[in-house]
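Read the structure below first, then the notes.
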Amino acid sequence: MRARSNEFHIVTRWNVAATVREVADILADPEHFPRWWGDVYLGIRVLERGDANGEGARVAIRSKGRLPYELNWIATVIESRRPETWTVAAEGDLRGRGVWTLIQRGDDVVVDYDWRVFADRPILRALSPVLGPLFAWNHRWAMARGEDGLKAEVLRRRGGSPHQSGSGEPSSRARSIR
Numbered sequence: 001m002r003a004r005s006n007e008f009h010i011v012t013r014w015n016v017a018a019t020v021r022e023v024a025d026i027l028a029d030p031e032h033f034p035r036w037w038g039d040v041y042l043g044i045r046v047l048e049r050g051d052a053n054g055e056g057a058r059v060a061i062r063s064k065g066r067l068p069y070e071l072n073w074i075a076t077v078i079e080s081r082r083p084e085t086w087t088v089a090a091e092g093d094l095r096g097r098g099v100w101t102l103i104q105r106g107d108d109v110v111v112d113y114d115w116r117v118f119a120d121r122p123i124l125r126a127l128s129p130v131l132g133p134l135f136a137w138n139h140r141w142a143m144a145r146g147e148d149g150l151k152a153e154v155l156r157r158r159g160g161s162p163h164q165s166g167s168g169e170p171s172s173r174a175r176s177i178r
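Residue numbers for the sequence shown, in full-length UniProt numbering: 1 to 178.
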């Protein structure tokens, strides 16, 4: 079966010097994404808190990448086995699912994000056949900002001195599957 031109499958892998619990606690706290992932998350509004494991949590998101457009969407945790894995459903300008998986490997956490999404905003849907690779690059740029910010946030929460790379180039390993 042929994928639609506005469909994106992007897998991102980060390696973070932290524990699974530290990373899960940060990623389970989207209200603070604008502080440590502010190049991407412009605003978060909590719609529902969810249960003790995070399932049912819903947030309205205003986000952007390096390209000059913003996205408005709602993320809902639809399945959670935190701290190791949880699934988020997206609706709005983006529609689909993302699965976060955290695995402890020595002193590091391997963070995988498997994002299968449709660009449903009309202009993005119309331009995806031509600009799809650019949109995928934009996502990888955004995720690299997340990796840098997450590493800094771990240090900040530990009482250390975080730093941002500021290189503008993606440092995370992400690949597009279209």
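From the three backbone atoms N, C-alpha and C, an ideal C-beta is built for every residue, glycine too.
Rounded straight-line distance, which links the Cα of residue j to that of residue i
{"i": "Q164", "j": "E84", "result": "For Q164, the predicted model reports a pLDDT of 44, less than 50, meaning its position is unreliable and no value from the coordinates is stated."}
{"i": "V20", "j": "V77", "result": "18 Å"}
{"i": "K64", "j": "D107", "result": "32 Å"}
{"i": "H32", "j": "L155", "result": "15 Å"}
{"i": "R13", "j": "D29", "result": "20 Å"}
{"i": "V99", "j": "E79", "result": "9 Å"}
{"i": "L67", "j": "L124", "result": "12 Å"}
{"i": "S176", "j": "A144", "result": "Residue placement at S176 is flagged as unreliable, the pLDDT there being 47, under the threshold of 50; a coordinate-derived value is accordingly withheld."}
{"i": "G168", "j": "A60", "result": "Interpretation of G168 is limited by its pLDDT of 40, a score under 50 that renders its predicted location unreliable; the figure taken from the coordinates is listed afterwards. Each residue's Cα considered, the two are about 26 Å apart."}
{"i": "E70", "j": "R62", "result": "7 Å"}
{"i": "N6", "j": "R140", "result": "16 Å"}
{"i": "R97", "j": "G160", "result": "34 Å"}
{"i": "G43", "j": "A52", "result": "24 Å"}
{"i": "P129", "j": "L47", "result": "33 Å"}
{"i": "I26", "j": "F135", "result": "26 Å"}
{"i": "A126", "j": "V111", "result": "32 Å"}
{"i": "E147", "j": "W115", "result": "15 Å"}
{"i": "Y113", "j": "V40", "result": "16 Å"}
{"i": "E91", "j": "A75", "result": "7 Å"}
{"i": "D93", "j": "I10", "result": "17 Å"}
{"i": "P133", "j": "P122", "result": "17 Å"}
{"i": "F8", "j": "W37", "result": "22 Å"}
{"i": "V109", "j": "L131", "result": "33 Å"}
{"i": "S171", "j": "R49", "result": "Confidence at S171 is low in this model, with a pLDDT of 46, below 50, so its placement is unreliable and no value can be given for it."}
{"i": "R158", "j": "R105", "result": "20 Å"}
{"i": "G56", "j": "R45", "result": "15 Å"}
{"i": "N138", "j": "R95", "result": "17 Å"}
Boundaries of the beta strand (DSSP E) in which residue i is found, first to last residue
{"i": "G132", "result": "Segment 122 to 158 is the alpha helix (DSSP H) holding G132; no beta strand (DSSP E) there."}
{"i": "E91", "result": "85 to 92"}
Rounded distance between the beta-carbons of residue j and residue i, thought under 8 Å
{"i": "F118", "j": "R35", "result": "That pair is no contact at about 29 Å."}
{"i": "residue 182", "j": "R82", "result": "Residue 182 is absent from the model: the chain starts at 1 and stops at 178."}
Identity of the residue in the options nearest residue i by Cα
{"i": "R54", "options": "A142, I123, W86, G160", "result": "What sits at residue 54 in the sequence shown is Gly, not Arg. It is W86."}
{"i": "R58", "options": "D39, A89, R157", "result": "A89"}
{"i": "G103", "options": "G132, E22, G146", "result": "Note that residue 103 is Ile in the sequence shown here, rather than Gly. The option with the nearest alpha carbon to I103 is E22."}
{"i": "G149", "options": "D93, A126, L47, N15", "result": "N15"}
{"i": "W73", "options": "D120, G132, K151, A24", "result": "D120"}
{"i": "A152", "options": "I10, A18, F8", "result": "A18"}
Item to check | 4 or more residues per run - each alpha helix (DSSP H) lying fully within the region 10 to 76 | outcome: Segments of the alpha helix (DSSP H) lying fully in the region 10 to 76: 20 to 27, 33 to 36.
Next on the checklist: Runs of 3 residues minimum, wholly inside the region 94 to 122: which ones carry the beta strand (DSSP E) assignment?
Outcome noted: Under the rule that a run must span 3 or more residues, the beta strand (DSSP E) segments found entirely inside the region 94 to 122 read 94 to 105, 108 to 119.
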